[in-house]
Amino acid sequence: MSKNKTSTIELHVELDENKVPEKLNWTAQDGGINNEEAKAMMLSVWDSKAQETLRIDLWTKDMPVDEMKLFFHQTLVEMSNTFHRATQDEKMTATMKDFCDYFAEKLELNK
Numbered sequence: 001m002s003k004n005k006t007s008t009i010e011l012h013v014e015l016d017e018n019k020v021p022e023k024l025n026w027t028a029q030d031g032g033i034n035n036e037e038a039k040a041m042m043l044s045v046w047d048s049k050a051q052e053t054l055r056i057d058l059w060t061k062d063m064p065v066d067e068m069k070l071f072f073h074q075t076l077v078e079m080s081n082t083f084h085r086a087t088q089d090e091k092m093t094a095t096m097k098d099f100c101d102y103f104a105e106k107l108e109l110n111k
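Structure follows, in structure tokens:
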């Protein structure tokens with residue numbers, strides 16, 4: 001009988017007196033990440049029983065707006081890639097990527 005391997009991802013959030021994130025750090029030892037600093041994070045979890053997405057979106061108070069725009073754009077692009085890997089739906093993936101291009105154009109990220 002084989003033993004299943006487990007993997008742990010840790011998130012540490014340092015808050016100010018108003019519970020606003022000042023520092024975000026994460027560890028994923030299987031991925032070679034050890035207590036790395038981040039300025040923002042988005043975590044989505046699917047609750048199958050309730051048929052809904054649970055989310056945690058955090059960013060530090062010193063996260064620059066221009067970096068937040070890039071973060072959102074890159075997240076949307078990767079969500080398109082993940083959607084394709086999960087569903088193989090070429091048509092909707094192309095539509096999502098078109099939106100990503102539109103998003104980048106409107107935010108003037110391609111300059």
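First residue of the sequence shown? That's 1 in the UniProt record's numbering, and the numbers climb one at a time after it. Glycine is no exception: its CB is placed at the ideal position from the N, C-alpha and C atoms.
Asked                                                                                                            : Found
Inter-residue spacing [alpha-carbon to alpha-carbon] between residue 62 and residue 70                           : 15 Å
Per-residue DSSP class, three states only, for residue 19                                                        : coil
Residue from 27, 4 and 105 whose Cα sits closest to the Cα of residue 36                                         : 27
Of the residues 106, 33 and 78, the one placed nearest residue 94, counting alpha carbons only                   : 78
Cβ shell of residue 9 (< 6 Å), same chain only, five flanking positions each side left out                       : 28
4-residue-minimum alpha helix (DSSP H) runs that sit fully inside the segment 63 to 110, ordered along the chain : 65 to 87 and 90 to 106
C-alpha gap between residue 22 and residue 38, whole angstroms                                                   : 10 Å
Status (buried if at least 16 other CB within 10 Å, exposed otherwise) for residue 50                            : exposed
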